[in-house]
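Structure first, then comments.
Residue numbers (this note's numbering): 1 to 116.
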């Protein structure tokens with residue numbers, strides 16, 4: 001086990017994302033917001049001195065994260081919301097930043113910090 005040189009950003013869907021899932025041509029039914037929050041996309045990002053700086057990093061990549069979130073549930077891009085802005089991203093997703101990240105039992109995670 002070793003400390004990972006970085007932070008983790010956990011992106012959790014909010015109600016507008018669930019509303020979109022339920023409005024698709026073949027709607028996702030029976031999924032709750034709590035269930036969506038159980039297994040979220042997680043990103044390793046560089047370390048920052050403040051949580052606000054870490055959030056700014058994530059928000060700087062909001063377009064690709066938004067696309068990954070949408071594609072994870074629905075691949076037909078024509079059904080994705082148009083004009084996806086940073087404000088929309090913040091309305092649709094909560095971002096949690098965690099600074100204590102460990103590599104536990106991962107191949108390639110050696111004492112020199114190489115690998116994960």
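For glycine and all other residues, C-beta sits at the position ideal for the given N, C-alpha and C. Remember, it's a predicted structure, so these values are computed and weren't measured experimentally.
- Setting aside the 5 residues that flank it on each side, residue 71 has no residue in the same chain whose C-beta is closer than 7 Å to its C-beta.
- The alpha carbon of residue 41 has as its nearest neighbour, out of 47, 97, 103, the alpha carbon of 97.
- Taking 8 Å as the cut-off, the Cβ atoms of residue 28 and residue 102 do not count as close.
- Collapsing the DSSP output to three states places residue 90 in a helix.
- Within the same chain, Cβ atoms closer than 7 Å to the Cβ of residue 73 are found at 21, 28, the five residues on either side in sequence being excluded.
- In the structure shown, the three-state DSSP call for residue 100 is coil.
- Only buried fits residue 69, as 16 or more other CB atoms lie within 10 angstroms of its CB.
- Per DSSP, the unbroken alpha helix (DSSP H) holding residue 15 starts and ends at 15-22.
- Rounded to whole angstroms, residue 38 and residue 8 show a C-alpha spacing of 16 Å.
- The beta carbon of residue 92 sits closer than 6 Å to the beta carbons of 14, 16, 17 from its chain, once the five residues preceding and following it are set aside; these are given in chain order.
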